[in-house]
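A.B. asks: Just so you know, the sequence shown maps onto residues 269 to 502 in my numbering. The C-beta atom is built at its ideal place from N, Cα and C for all residues, glycine as well. As the structure is a prediction and not an experimental result, all values here were calculated from the model. Shown below is the structure under consideration.
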Amino acid sequence: MGTIGAGIQFPSKSVKTIVLTGASRGLGRAMALGFAAAGHKVLGCARNKPDLKLGPLHHFQSVDVSSAKAVQTWAARLLGAYGPPDLLVNNAALINKNAPLWQVNPEDFSNVVDVNIKGMFHVIHSFLPAMVAAKRGVIVNFSSGWGRSVDAKVAPYCATKFAVEGLTRALALELPRGMAAIPLNPGVIDTDMLRSCFGGSSKSYEAPELWAKRAVPFILSLGPKHNGQSLSVP
């Protein structure tokens, strides 16, 4: 935990309650460790329960975000125990196996849509009413470079990340003053998802732990002035 937070200058603000999806591996795991190292409360989920032992301040459980009922149950439990989050990070995502669109398995296409778009909607739909009632909070929806440009053999993933951009920017117009919804491109990082596309060449890119040293303070700095802006981790 300390290796991610070591040497980082975090914004000096009170403890935030952070809801984070896709927290079991890759960027989600790195962010969970980074947020915790910065002294914030992390309430995370993933399809498989994240193996993160960060102490009683934090809470992690298994949740399939593609299931509206599962997300509603999870959100009700967290809202009852912790109140509305200060920061809601929709990170959970899948990518299709590399293939031309006409060769993509229909089930694989549906799974990508169900997690990347519907899953993000389910989380927003379950947590945002309490945040709006409190008139505070920031929603960060993870987009991608492939949500602003395209490449061959990843058309389903590109489609969902373009949807993240559009949905988030539209949501930003609906929020009360003092809140923010931001589509965020994390950059190109050596994760399982990237390896599925790039193979061994993914090793030439930054590891999630190094990425988090930049990303965590940046995400924590986001606020109402960034509402509706399509941003990238610097």
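Tell me which same chain residues have a C-beta within less than 6 Å of the C-beta of residue 447, skipping the five on either side of it?
C.D. replies: 405
A.B. asks: Quick check: residue 410 and residue 287, are their CB atoms within less than 8 Å of each other?
C.D. replies: no
A.B. asks: Contact defined as beta carbons within less than 8 Å: I believe residue 306 pairs with residue 484. What is the distance between those atoms, to the nearest angstrom?
C.D. replies: 6 Å
A.B. asks: Less than 8 Å separating the beta-carbons of residue 379 and residue 362?
C.D. replies: yes
A.B. asks: Closer than 8 Å, CB to CB, is residue 449 near chain D or not?
C.D. replies: Included in the structure is just one protein chain, with no chain D present.
A.B. asks: In chain order, what residues of the same chain lie with their CB nearer than 6 Å to the CB of residue 436, ignoring the 5 residues before and after it?
C.D. replies: Closer than 6 Å at the Cβ level, and outside the excluded window around residue 436, lie 409, 449 and 451.
A.B. asks: Rounded to the nearest angstrom, what separates residue 430 and residue 330 at their Cα positions?
C.D. replies: 27 Å
A.B. asks: Would residue 383 and residue 335 be called neighbours here (beta carbons separated by less than 8 Å)?
C.D. replies: For residue 383 and residue 335, no; Cβs fall outside 8 Å.
A.B. asks: From this set, 325, 420, 479 and 381, which residue's C-alpha is nearest residue 367's C-alpha?
C.D. replies: 420
A.B. asks: DSSP on residue 269, reduced to helix/strand/coil?
C.D. replies: Annotation note: pLDDT 33 at residue 269 (below 50); position unreliable, coordinate value reported separately. In the structure shown, residue 269 sits in coil (DSSP, three-state: anything other than H, G, I, E or B).
A.B. asks: Under 6 Å Cβ to Cβ from residue 432, same chain only, skipping five residues before and after it: list those, please.
C.D. replies: 409, 411, 415 and 451
A.B. asks: Can you give me the C-alpha to C-alpha distance between residue 474 and residue 413, rounded to a whole angstrom?
C.D. replies: 15 Å
A.B. asks: Taking buried to mean at least 16 other C-beta atoms within 10 Å of its own C-beta, is residue 425 buried or exposed?
C.D. replies: buried
A.B. asks: Per DSSP, what are the beta-bridge partners of residue 309 in this structure?
C.D. replies: 285
A.B. asks: Can you tell me whether DSSP reads residue 497 as helix, strand or coil?
C.D. replies: The answer is coil: DSSP assigns residue 497 none of H, G, I, E or B.
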